[in-house]
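Structure record follows, encoded as structure tokens.
There are 2 protein chains.
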Amino acid sequence: MTGGLLTDLYELTMAASYLRRGMTGPATFSLFVRDLPPDRGYLVACGLEDCLTFMESYRFAKKELDYLREEQRFDPATLRALEKLRFTGDVSAVPEGRVVFSGEPLLEVTAPIAEAQLVETALLNHLTFQTAVATKAARCARAAGAARVIDFSFRRTQGIDAGLAVARASYIAGFAGTSNVEAARRHGIPAVGTMAHSFVEAFPDEEAAFEAFTADFPDRTTLLVDTYDTLGGVRTAIRTALRADGPGSLTGIRLDSGDLGALSVQARHLLDEADMSSTRIVASGGLDEYSIAELTAAGAPIDVYGVGTKMGVSADAPSLDSAYKLVAFADRPVMKLSTGKATAPGAKQVYRGTEGDVIALRDEPAPGGSRPLLVPVMRNGRRVSPAEPLTRSRDRCAADINTLPARVTRLRRPETGAVALSPRLEQTRDELRAELLSRVHRLRSHA
Amino acid sequence: MTGGLLTDLYELTMAASYLRRGMTGPATFSLFVRDLPPDRGYLVACGLEDCLTFMESYRFAKKELDYLREEQRFDPATLRALEKLRFTGDVSAVPEGRVVFSGEPLLEVTAPIAEAQLVETALLNHLTFQTAVATKAARCARAAGAARVIDFSFRRTQGIDAGLAVARASYIAGFAGTSNVEAARRHGIPAVGTMAHSFVEAFPDEEAAFEAFTADFPDRTTLLVDTYDTLGGVRTAIRTALRADGPGSLTGIRLDSGDLGALSVQARHLLDEADMSSTRIVASGGLDEYSIAELTAAGAPIDVYGVGTKMGVSADAPSLDSAYKLVAFADRPVMKLSTGKATAPGAKQVYRGTEGDVIALRDEPAPGGSRPLLVPVMRNGRRVSPAEPLTRSRDRCAADINTLPARVTRLRRPETGAVALSPRLEQTRDELRAELLSRVHRLRSHA
Numbered sequence: 001m002t003g004g005l006l007t008d009l010y011e012l013t014m015a016a017s018y019l020r021r022g023m024t025g026p027a028t029f030s031l032f033v034r035d036l037p038p039d040r041g042y043l044v045a046c047g048l049e050d051c052l053t054f055m056e057s058y059r060f061a062k063k064e065l066d067y068l069r070e071e072q073r074f075d076p077a078t079l080r081a082l083e084k085l086r087f088t089g090d091v092s093a094v095p096e097g098r099v100v101f102s103g104e105p106l107l108e109v110t111a112p113i114a115e116a117q118l119v120e121t122a123l124l125n126h127l128t129f130q131t132a133v134a135t136k137a138a139r140c141a142r143a144a145g146a147a148r149v150i151d152f153s154f155r156r157t158q159g160i161d162a163g164l165a166v167a168r169a170s171y172i173a174g175f176a177g178t179s180n181v182e183a184a185r186r187h188g189i190p191a192v193g194t195m196a197h198s199f200v201e202a203f204p205d206e207e208a209a210f211e212a213f214t215a216d217f218p219d220r221t222t223l224l225v226d227t228y229d230t231l232g233g234v235r236t237a238i239r240t241a242l243r244a245d246g247p248g249s250l251t252g253i254r255l256d257s258g259d260l261g262a263l264s265v266q267a268r269h270l271l272d273e274a275d276m277s278s279t280r281i282v283a284s285g286g287l288d289e290y291s292i293a294e295l296t297a298a299g300a301p302i303d304v305y306g307v308g309t310k311m312g313v314s315a316d317a318p319s320l321d322s323a324y325k326l327v328a329f330a331d332r333p334v335m336k337l338s339t340g341k342a343t344a345p346g347a348k349q350v351y352r353g354t355e356g357d358v359i360a361l362r363d364e365p366a367p368g369g370s371r372p373l374l375v376p377v378m379r380n381g382r383r384v385s386p387a388e389p390l391t392r393s394r395d396r397c398a399a400d401i402n403t404l405p406a407r408v409t410r411l412r413r414p415e416t417g418a419v420a421l422s423p424r425l426e427q428t429r430d431e432l433r434a435e436l437l438s439r440v441h442r443l444r445s446h447a
Numbered sequence: 448m449t450g451g452l453l454t455d456l457y458e459l460t461m462a463a464s465y466l467r468r469g470m471t472g473p474a475t476f477s478l479f480v481r482d483l484p485p486d487r488g489y490l491v492a493c494g495l496e497d498c499l500t501f502m503e504s505y506r507f508a509k510k511e512l513d514y515l516r517e518e519q520r521f522d523p524a525t526l527r528a529l530e531k532l533r534f535t536g537d538v539s540a541v542p543e544g545r546v547v548f549s550g551e552p553l554l555e556v557t558a559p560i561a562e563a564q565l566v567e568t569a570l571l572n573h574l575t576f577q578t579a580v581a582t583k584a585a586r587c588a589r590a591a592g593a594a595r596v597i598d599f600s601f602r603r604t605q606g607i608d609a610g611l612a613v614a615r616a617s618y619i620a621g622f623a624g625t626s627n628v629e630a631a632r633r634h635g636i637p638a639v640g641t642m643a644h645s646f647v648e649a650f651p652d653e654e655a656a657f658e659a660f661t662a663d664f665p666d667r668t669t670l671l672v673d674t675y676d677t678l679g680g681v682r683t684a685i686r687t688a689l690r691a692d693g694p695g696s697l698t699g700i701r702l703d704s705g706d707l708g709a710l711s712v713q714a715r716h717l718l719d720e721a722d723m724s725s726t727r728i729v730a731s732g733g734l735d736e737y738s739i740a741e742l743t744a745a746g747a748p749i750d751v752y753g754v755g756t757k758m759g760v761s762a763d764a765p766s767l768d769s770a771y772k773l774v775a776f777a778d779r780p781v782m783k784l785s786t787g788k789a790t791a792p793g794a795k796q797v798y799r800g801t802e803g804d805v806i807a808l809r810d811e812p813a814p815g816g817s818r819p820l821l822v823p824v825m826r827n828g829r830r831v832s833p834a835e836p837l838t839r840s841r842d843r844c845a846a847d848i849n850t851l852p853a854r855v856t857r858l859r860r861p862e863t864g865a866v867a868l869s870p871r872l873e874q875t876r877d878e879l880r881a882e883l884l885s886r887v888h889r890l891r892s893h894a
């Protein structure tokens with residue numbers, strides 16, 4: 001969704017002031033996550049694609065300008081300026097799927113300050129939400145070991161748009177598919193699904209329901225077995241399959257309640273006894289990385305985990321401590337001193353080397369053997385390249401996570417990756433802070 | 448957003464099976480929240496309006512049918528049936544803003560089973576998310592006592608759509624306005640905003656920034672004072688106002704970091720000394736109902752709370768344990784027995800009386816002195832009345848919450864409102880459960 005009013009009122013108010021005063025000098029804003037949530041050692045960058053679409057199409061429609069004139073009493077000169085306004089800036093960003101750590105810019109915008117300010121809300125929104133969810137999903141996928149994980153979250157994500165974004169983010173993070181059909185269509189993600197309890201209940205009994213489903217979908221028969229009694233359901237599923245096309249005709253069974261570890265062992269035993277060792281066991285019901293890790297550790301014979309709500313809203317960390325901060329304006333670095341929220345000044349680059357990451361000023365040379373994480377993604381308001389295939393972001397994510405040490409990937413109280421500031425960035429920050437503090441003290445002594 | 452594929456794949460698979468088998472008998476599904484999150488004593492129903500829009504416009508576009516044919520191998524007869532499919536059902540629902548408790552249907556759909564199944568995902572999505580957020584917002588509004596609360600969440604909601612829904616839900620729940628301009632325009636909510644730290648930093652110093660803002664917006668000057676030093680910022684704001692139009696010209700100041708309680712007391716003192724007792728103090732920065740309640744209890748002289756992320760994602764309860772369950776099909780009640788997820792059969796009504804709520808079968812007479820919570824909202828797939836004004840939902844919410852006892856509204860470990868099942872509903876449930884269990888036992892003894 002795009003539109004000039006998809007922003008906070010203060011962005012428009014400030015933009016009006018900047019435009020009126022001819023303050024069109026380039027500003028650089030840096031978007032980063034200050035501190036990671038307690039049980040996160042890394043983040044998976046996600047949401048860039050929606051940011052680029054938003055910036056490229058940013059403009060004010062007539063009804064939006066009418067609203068600003070009639071309800072917000074914007075003056076004619078400002079409205080004329082807004083009518084012409086487009087996003088014309090340069091943007092560098094970390095590509096989707098890349099692993100990043102706290103304090104590292106995910107994206108930097110350099111643009112006339114009014115433009116840079118107006119897109120703040122949407123940029124923060126997309127990157128905060130999608131990075132939180134991609135990170136949660138990566139944890140689930142990793143916890144499942146060799147088992148596959150699929151996205152079942154659509155019914156309880158925070159909105160329909162959110163459901164589409166979650167399916168995409170979780171696929172980047174390593175999920176094998178999604179139940180969300182529109183997301184599957186739009187992004188080319190494998191669509192997956194089984195049946196609901198209501199299907200079983202709509203027939204006179206479970207056996208009749210299983211027979212109908214097996215007849216209608218002989219090539220993808222996954223039967224939900226826990227509507228009345230789980231192991232009874234497994235036996236009914238086996239009987240139905242044997243009566244239909246034999247042992248190979250049952251693709252899978254799904255367990256959705258009870259003790260998934262114990263039930264999967266018992267179900268596996270029944271299936272193997274019936275010569276159905278290729279029938280997969282799908283488990284679902286309130287799962288997240290913590291419960292999946294327990295099942296994996298216990299050796300539960302589960303082939304596919306359907307993960308829903310807790311991943312889809314990133315339940316234990318539904319937001320990130322993200323910020324979009326002015327770091328340079330009209331060629332001078334800036335920073336704020338607000339308690340607990342001080343920023344580091346200047347346009348930046350992050351260099352990743354074997355010793356960890358270094359956040360540096362953008363014009364510093366790369367340390368030997370390191371590579372820059374931020375790449376140019378937009379110039380003069382236009383993308384520099386088309387959207388990359390989702391599989392490329394997905395491969396990047398898998399490769400990045402594979403390089404992380406266990407102390408960073410562990411689920412509980414991990415360490416975060418090593419991040420240092422370059423000596424020049426530290427010096428710039430210290431000098432500017434000293435200058436600002438001395439000004440504050442001068443003002444205090446006048447008060 | 449609407450579209451036939453905004454659903455889970457299994458809904459489409461099951462629908463295909465129902466259509467193929469001519470299973471067009473009416474099904475009733477009941478949507479309710481099983482258990483409330485730990486610190487919730489009540490819920491504020493929200494999201495109905497989006498559900499109605501979704502159901503009214505539900506259909507398959509050509510590109511969607513193409514996807515089902517090419518990627519999901521749906522057969523021609525099913526595709527023809529889906530092409531013609533519209534939602535033609537009857538819906539009753541609890542109006543937005545109404546207080547409800549666990550187990551009480553928020554919405555019931557009666558429709559041919561394929562239609563009722565296909566809209567499940569979107570109905571659950573809208574009602575779960577928006578009810579969670581409206582409930583969180585109601586808690587924040589109540590915690591603020593006489594102070595006003597405004598929505599600052601847009602930058603960190605779970606998507607752009609989510610931001611629009613949060614602004615609307617929080618307004619229904621008692622917020623006074625939103626920073627989200629598009630939501631304000633679309634729903635007629637008051638738009639509110641101040642300035643960002645970047646505005647202060649874009650000028651040579653704080654005083655120059657305050658002067659510019661005061662000149663540009665003389666009728667709505669709220670100055671952000673904590674960029675460098677909060678009390679220094681308050682003094683600068685006062686000086687700027689006195690130099691401009693005198694004490695009345697400063698609408699407000701905003702505190703966004705540090706000890707908001709102590710700083711608000713000191714800021715109030717400085718403002719009052721300068722004869723600026725009408726200047727309002729706005730506080731923001733990581734607030735939720737718990738921190739607002741502490742500030743209120745401490746008597747912090749804060750006039751307006753800007754509440755962002757924690758409300759916008761309902762941080763401590765980002766989802767609800769919602770369910771959409773088949774309760775009747777082809778005129779017989781149904782239920783499932785799944786461990787921990789058993790349902791109560793039959794189409795229902797909730798009657799609210801002075802002794803609490805009674806969940807009854809829909810055709811039972813109302814207990815004396817009670818009123819039904821579910822009202823008809825859709826007949827034959829069409830709304831029975833136009834969308835109600837947002838202020839009516841808002842008034843309903845305020846009135847409902849006012850009737851709740853303190854043990855239900857308290858923020859920590861509240862009791863939930865009294866909800867009983869009618870004797871007839873209990874009897875129907877017990878009889879059906881006994882019948883299903885005896886069938887399960889018969890099957891077990893055969894196994």
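Protein chains in written order, with my numbering: chain P, 1 to 447; chain W, 448 to 894.
Here a beta-carbon is modelled for each residue, glycine too, at the ideal position from N, C-alpha and C.
If you're wondering where the values come from, they're calculated on a predicted model, not measured in any experiment.
With a Cβ-Cβ cutoff of 9 Å, do residue i and residue j count as a contact?
{"i": "T790(W)", "j": "A813(W)", "result": "no"}
{"i": "H187(P)", "j": "A162(P)", "result": "no"}
{"i": "G4(P)", "j": "L65(P)", "result": "yes"}
{"i": "T669(W)", "j": "V647(W)", "result": "no"}
{"i": "T582(W)", "j": "S761(W)", "result": "yes"}
Helix, strand or coil: how does DSSP classify residue i here?
{"i": "F657(W)", "result": "helix"}
{"i": "I281(P)", "result": "strand"}
{"i": "A881(W)", "result": "helix"}
{"i": "A262(P)", "result": "helix"}
{"i": "G753(W)", "result": "strand"}
{"i": "E490(W)", "result": "With the sequence shown as reference, residue 490(W) is identified as Leu, and Glu is not the correct amino acid for it. Three-state result, L490(W): strand."}
{"i": "D8(P)", "result": "strand"}
{"i": "P852(W)", "result": "coil"}
{"i": "R412(P)", "result": "coil"}
{"i": "V681(W)", "result": "helix"}
{"i": "A845(W)", "result": "helix"}
{"i": "F54(P)", "result": "helix"}
{"i": "R332(P)", "result": "strand"}
{"i": "A241(P)", "result": "helix"}
{"i": "A27(P)", "result": "strand"}
{"i": "R427(P)", "result": "In the sequence as presented, Arg is not what sits at residue 427(P); that position holds Gln. The answer is helix: DSSP assigns Q427(P) an H, G or I state."}
{"i": "R506(W)", "result": "coil"}
As a quick exercise: from the options, pick the residue whose alpha carbon is nearest that of residue i.
{"i": "K772(W)", "options": "S892(W), K795(W), L515(W), A714(W)", "result": "K795(W)"}
{"i": "E56(P)", "options": "V384(P), R429(P), R268(P), P301(P)", "result": "V384(P)"}
{"i": "S549(W)", "options": "L565(W), E835(W), V491(W)", "result": "V491(W)"}
{"i": "D50(P)", "options": "P333(P), P386(P), T178(P), K136(P)", "result": "P386(P)"}
{"i": "F660(W)", "options": "L19(P), Y67(P), T7(P), S170(P)", "result": "L19(P)"}
{"i": "T677(W)", "options": "F664(W), A691(W), L702(W), S464(W)", "result": "L702(W)"}
{"i": "F501(W)", "options": "P552(W), P559(W), L574(W)", "result": "L574(W)"}
{"i": "D151(P)", "options": "T178(P), S30(P), T157(P)", "result": "T178(P)"}
From the DSSP secondary-structure annotation, give me the bridge partner or partners of residue i.
{"i": "F479(W)", "result": "A770(W)"}
{"i": "A191(P)", "result": "T178(P)"}
{"i": "G252(P)", "result": "T222(P), R280(P)"}
{"i": "V419(P)", "result": "D357(P)"}
Taking the runs of the beta strand (DSSP E) that are 3 residues or longer, which of them lie wholly in the stretch 345-388 of chain P? 348-353, 356-361, 375-379
Taking only runs of the beta strand (DSSP E) that begin and end inside the stretch 517-599 of chain W, which ones reach a length of at least 3 residues, in chain order? 537-540, 554-559, 595-598
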